[in-house]
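A short worksheet on the structure shown next.
2 protein chains.
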Amino acid sequence: MAILEKTAMITNLAGRMVPEIVNGRSETPYMGVGKYRPAVPKASPPIRTAADYPANGDKRVPDLETALRKCGLHDGMVISSHHHLRDGDRVALMALQTAARMGIKDLMWFPSASFPSQSAALELMEAGVIDHIEGSMNGPLGDYCTQGKMRGMGVLRSHGGRWQAIQDGEVHIDIAVIAAPSADPFGNCDGSHGRSACGSLGFALADSIYADHVIVVTDNLVPFPCVPWQIQGNNVDYVVELDSIGDPAKIVSGTTLITRSPDRLRIAEVVACFLRDAGIMRDGFSLQAGSGGIALAFVSYLKQMMKQAGVKARFVRGGSTKYLVELLEEGLTDYILDGQTFDLDGVKSLAANPRHVATSPFTSYNYHGKGNFASMVDAVVLGATEVDTNFNANVVTHSDGRLLHGIGGWQNCLAARCTILAVPSFRDRIPVIVDDVTTLCGPGELIDVVATERGIAINPRRQDLIDAVRGAKLPIRPIGEIQKEVERICGGKPQRPKRSDRPVAIVKWVDGTVLDTVWQVT
Amino acid sequence: MAILEKTAMITNLAGRMVPEIVNGRSETPYMGVGKYRPAVPKASPPIRTAADYPANGDKRVPDLETALRKCGLHDGMVISSHHHLRDGDRVALMALQTAARMGIKDLMWFPSASFPSQSAALELMEAGVIDHIEGSMNGPLGDYCTQGKMRGMGVLRSHGGRWQAIQDGEVHIDIAVIAAPSADPFGNCDGSHGRSACGSLGFALADSIYADHVIVVTDNLVPFPCVPWQIQGNNVDYVVELDSIGDPAKIVSGTTLITRSPDRLRIAEVVACFLRDAGIMRDGFSLQAGSGGIALAFVSYLKQMMKQAGVKARFVRGGSTKYLVELLEEGLTDYILDGQTFDLDGVKSLAANPRHVATSPFTSYNYHGKGNFASMVDAVVLGATEVDTNFNANVVTHSDGRLLHGIGGWQNCLAARCTILAVPSFRDRIPVIVDDVTTLCGPGELIDVVATERGIAINPRRQDLIDAVRGAKLPIRPIGEIQKEVERICGGKPQRPKRSDRPVAIVKWVDGTVLDTVWQVT
C-alpha cells in the first residue's frame, strides 16, 4: 500500500485542510461538535461455534508463531495491541517481529498507543513488514511519520475514537494480540495481578470483542477461572505462555512524581483555587486529572482544600496514581473510575478495593454510544503542547511540526463540564499560546479555561464561569494579554513549522471525522 | 401474525418432525451435536451518538409510557424482559399492559422466562396485544400454548440459546425493558443491592447490547456511578423510576429447602456417592447443581464427603443458594460462578464476596462463542420430566403433552464432562423412564447418568464411567431394568399424550437449530 500523495484535500468546518481518502478509506471531514450522525450499523464479527474450540477450555499453543499461523496471518492484515504495559511492553513488538520472521509484509499495526521502547518497529517499516501505524505514536515513531518515511498514513485517534473506529467497522482487526498479566487457559485475562501487573486492560476490550482472531499472551497462567475477567475468554482463540510479557519497572513507572518547578506548582495551585472559587469543588462533585507533574500537584492542592471545606467527591477518574488512591482511602471520594493505571499504588488499589473500578473506553469515552462517562465529569485538568487565542488546542505535535505525542483520552475528556488546560506559558522559550495551533486536536468551544503561571484565561463562551469567579482572588486575565506578555519574554511569536504540503497523518475527532492533518516536516 | 398451521414439516437428525418455518422465519432442523456451523456474521445494532443523549447523563423520564413512546413503540414490535425477579417481577407485565393501554397490537414478548404471576399476559394474548411468546413459559402460559390458543408459535430456548438467537440476529429486539434493583440516572444497573435485590442481571445483558432501544426500570435510584454496572448505561436509552419493581418475597424464595422425601434424599446421596466413587470429586474439580430439593440435598451430601476426603473444588456454578455460599465461605471452593441467584444468602454473597462472581449467558452458555464455561464443568446434576432408555431427555412437557416448564440453562449444562439426571423413577404413578420422550430437549449422547431411588444407570456410551465405578458399592443397573421395575409398580407404561398434529411450539437446540416440536393437546 503506497501513500496517496495526490489525495484530494478538502477544507473542513474547522477550516483545516484534510484528505478525503486515507489509506484507501473514504473519510468524512469534521462537521462541528455533535454534528456528524452515523448512518450505518455496528461492525458484525463472524459467529463462531464452541464446536471448533476445545471442550476442556484449554486454548494454549506452544508459541506466538503457532498462534499467528493458526489465525491465518497473511500479508496486509491488521494486527492490534494495547499499551497498558506502556514503555515496558514486550508483546506487541514480539508479535510484529514474529510476523517478520514468517515473511509477512504490509501489515497495518493498530496499537492503542506506541512507545519509544518499540522503536524497532522502525526497522519493520523500513523492511516493509509494517506498512503503517494507526494509533498514537509517542517519540521516535511519530517523528519517523512526520519525516514522511511511513508508507501509509498515520491515523491518530483518542481512546474513545479507537473504540468508535472498531465498533463502527472503520478499522477491521484481523488479529488482536493481547498481553495479559494474568490469564487462564480459556483466555480470560486480568491486568491487576501477576508480576507484570498493569491494572486495567480496558484498551484491549474492543479488540477482543470485534477482532476476527484473538491471541492472549501471558507470563502468569492461572487455573480457570481467572477472576476478574477484564477480557473474556469467550472471545479468545489462542493462549500463549511467555517467560515475560514486559519489564515491570517500565510498566508502572514508580516515578510519577509531583513537579518541583515553582512555576508549575503555581499553575497547579491556581487550578485548584479556581475549582474551589468557581464552586465546582462541592460535595458530590467529580474530577479527572492525568499523570503529569502539574496534574499530580493539582490533586494534592485540591485534596487540602477538600479537607478544609469538608467536601467529598462522588468519583474521580484515572489514569490512577497514588494521589487518587489516597483520596479514595481517606474517604475523599466514593469511587475511582479507572481507565489506566499509572503506578503500583494504583495497581494494588484496583486489585483490592471494590470502589476502585476498572472502566473501558466504551463506558468512559466512546462517542458513538448512548452517552459516556466523560460528559458527566465536573472538571478535567489536561495538558497541551499549544493553545490558540480562540482556545483551540494541540496535543500531538510541537511547534516545529514534529509528531511526538499521542492523543490518549484527551479529546474525550473535553466533554467535561469544565475543561481546564494547565500549561506553562512557554517551554524552551517557545510560547505555548499561539495565534494558530500547528495541529488542531480540540475545538476551542470545548476548552473552558487555560491556566498558566501568568494567569488564568476563561473562554469568553463561558460567561457562567466568568460570573462564578467574579470577586475571587484569582489571576483572571484575557488570553491575548497572557500571550502578548509571553511573546515579549520569548522575543516574539513562535516560528511557523517548516512543513511540506504532503500529509503524513490525520487527527480524527471523537466521532470519526477528520479534524486536522499532520504534514511532513522539511 | 397468524399461526402457520400448514407449515411444512421435516424430520430432523434426531428423528423428530419439526416445522421449516416458524413465526415467518426459516428454521434449520437439528443436525446433530456440534454439526451446524453458522455462516453469517453477528447482528449489528444501530450506531448511536452521544450527541443525542443528555450530556449530564440523566436519562430519566416520568413513566414507562413516556419511555415506550420515546422508543417508538408500534404494532408488531419485539419487547424483551428478564426473569431475575422470577415470580415476583412486576415490570415485564407492566410494560406489556402499558403497551395495551397505548393501543398497541401484535407484540412478540421475548422474556428470558415467564412465570405464573404473569398470567395476566393471557388476557393480552386474547386481546391481540401479544401475538406470541418466544421464551420459557412456566405454568399457565405454557399450558395456554399447548391448548393451541396462542396466535404465533412458542419458541423455547435455553439461556445460552437465547443469547445465541439475539447475537446471531435470529431475534431482533426492538425494545428491552430491564428491571433493575439498583440503577443510576445514566442507566448503569446492578442486581445485588436494593430492596428488590435479585443478584445477577446476566439474562438481560444480551438485550442491553443488541436491542435497538433499552429502558431501565428501577425502584432504587442511586447517584452515578451505580457499581458494579452489570448492565452498562452506555447501552441504555431511558430510565424510569417506580415505587416497586417486584415483590421481594417472591424474588428470592427464601424457601429453597432440601427435600424431606426419603426417596429423593436417597437419590441425592447416591449421586454424591457416584461423584466420589467415580473419582470426579477430586481436588480442583468443578460442579453445577440447580435449586431443586434433590440438588440441594446432593450438595449437602457432597459437602460432607468433600470434607471427609479433604477435597476442595476450584469452582461451583450457580443458580446460587445458601448451600453453595456455605461451600465458598467454608473454603470448600475457590469460586462461585453465578448465573442467577436463588436465595437471600446468594444475593448477599454476590454483593459482598469478590469470589462470588456474576456470569452471563455469554460467558457460561453461548454455544456460538469461542467456547463457554459449561463444557469445563466436571459434573452437573439436573432434573428432567422424562428420560428414555437411550438417555434422551425432556424437561419442558409432561407425559400428557402439556408445556409447563422452561428450559433454563438445562440444555447448555449437558456440555459438562459428566451430566447426571437425578430424578425420581416415577411421579404421580407415572414412570419417568419412558420408551420415547414426549418432547426431546437433550440428546442422549450428552446425558451420562440417570440416578433414581431404584438405582443408577450409566449411559453405555460412557465406558470410562462404567469402568471408573466398577467395584464401588453403588446400585448400578441397566436403565431398561429400572424402567421395567417401575412399570410393574405403576401398572404399565405411561399413556401417550393425546395430541393433535398441529405444532404450537418448537424447542431449539443450543446452536439455534430445531430439535423438536410441541404439539397442541387435544
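Same order as they appear, the protein sequences are chains A and B.
Residue 1 is where the first sequence starts when you use this note's numbering, and the numbers rise one by one after that.
Residue 523 is where the second sequence starts when you use this note's numbering, and the numbers rise one by one after that.
Ideal placement from N, C-alpha and C gives every residue a C-beta, glycine not left out.
Taking 9 Å as the threshold (beta carbon to beta carbon), is residue i in contact with chain A?
i               : result
F884 (chain B)  : yes
V583 (chain B)  : no
A573 (chain B)  : yes
K1030 (chain B) : no
P560 (chain B)  : yes
R679 (chain B)  : no
V879 (chain B)  : yes
Quick check on residue i: buried or exposed, where buried means 16 or more other Cβ atoms within 10 Å of its Cβ?
i              : result
D52 (chain A)  : exposed
A687 (chain B) : buried
Q862 (chain B) : buried
P876 (chain B) : exposed
E386 (chain A) : buried
P228 (chain A) : buried
S718 (chain B) : buried
G72 (chain A)  : exposed
I251 (chain A) : buried
Q495 (chain A) : exposed
Q118 (chain A) : buried
Measuring only the C-alpha atoms, how far is residue i from residue j?
i              : j               : result
A835 (chain B) : R804 (chain B)  : 8 Å
K370 (chain A) : G169 (chain A)  : 18 Å
Q230 (chain A) : S722 (chain B)  : 17 Å
F373 (chain A) : P747 (chain B)  : 9 Å
F820 (chain B) : G806 (chain B)  : 19 Å
D207 (chain A) : V129 (chain A)  : 21 Å
Q304 (chain A) : V736 (chain B)  : 42 Å
M616 (chain B) : V1040 (chain B) : 29 Å
S182 (chain A) : P248 (chain A)  : 14 Å
M523 (chain B) : S1022 (chain B) : Residue placement at M523 (chain B) is flagged as unreliable, the pLDDT there being 43, under the threshold of 50; a coordinate-derived value is accordingly withheld.
E134 (chain A) : C198 (chain A)  : 23 Å
L526 (chain B) : N545 (chain B)  : Legend: pLDDT at L526 (chain B) = 46, less than 50; position of this residue unreliable, value from coordinates given subsequently. Near 7 Å, if we compare the C-alpha coordinates of N545 (chain B) and L526 (chain B).
D436 (chain A) : D696 (chain B)  : 47 Å
C795 (chain B) : V869 (chain B)  : 30 Å
L382 (chain A) : R276 (chain A)  : 17 Å
P431 (chain A) : Q483 (chain A)  : 8 Å
A726 (chain B) : D986 (chain B)  : 39 Å
T49 (chain A)  : H890 (chain B)  : 4 Å
S636 (chain B) : A309 (chain A)  : 52 Å
G579 (chain B) : T960 (chain B)  : 51 Å
N392 (chain A) : L107 (chain A)  : 34 Å
K508 (chain A) : G319 (chain A)  : 22 Å
Considering only their Cβ atoms, is the gap separating residue j from residue i smaller than 9 Å?
i               : j               : result
L607 (chain B)  : I767 (chain B)  : yes
V396 (chain A)  : L421 (chain A)  : no
I258 (chain A)  : Y323 (chain A)  : yes
S634 (chain B)  : H596 (chain B)  : no
D184 (chain A)  : P46 (chain A)   : no
A702 (chain B)  : N742 (chain B)  : yes
L678 (chain B)  : I1028 (chain B) : yes
S375 (chain A)  : A577 (chain B)  : yes
T1044 (chain B) : K1015 (chain B) : no
I858 (chain B)  : V838 (chain B)  : yes
A990 (chain B)  : V902 (chain B)  : no
Under a CB-based cut-off of 9 Å, is residue i close to chain B?
i              : result
F274 (chain A) : no
I47 (chain A)  : yes
Return yes when the C-beta of residue i is under 8 Å from any heavy atom of the ligand SAM, and no when it is not.
i              : result
I773 (chain B) : Although the ligand SAM was asked about, the structure shown includes no ligands whatsoever.
Check the Cβ-Cβ distances between residue i and every residue of chain E, and say whether any is below 9 Å.
i              : result
G801 (chain B) : Judged by its chain identifiers, the structure shown contains no chain E, and its protein chains are A and B.
Do three or more CB pairs link the region 356-364 of chain A to the region 742-762 of chain B at distances below 8 Å?
yes
Mind the definition here: the region 129-146 of chain A touches the region 59-72 of chain A only if three or more C-beta pairs lie below 8 Å; say whether that holds.
Look at the beta carbons and you see the region 129-146 of chain A not touching the region 59-72 of chain A: under three pairs across the two are nearer than 8 Å.
Three or more C-beta pairs under 8 Å: does that hold for the region 68-82 of chain A against the region 38-45 of chain A?
The count of Cβ pairs closer than 8 Å, one atom from the region 68-82 of chain A and one from the region 38-45 of chain A, stays below three, leaving the stretches out of contact.
Give a yes or no on contact between the region 87-97 of chain A and the region 592-604 of chain B, applying the rule of three or more CB pairs nearer than 8 Å.
no
Is it a yes or a no for the region 709-725 of chain B touching the region 666-675 of chain B, going by three-plus beta-carbon pairs under 8 Å?
no
Do the region 995-1014 of chain B and the region 975-987 of chain B touch if we need at least three Cβ pairs shorter than 8 Å?
Put simply, the region 995-1014 of chain B touches the region 975-987 of chain B. At least three CB pairs are less than 8 Å apart.
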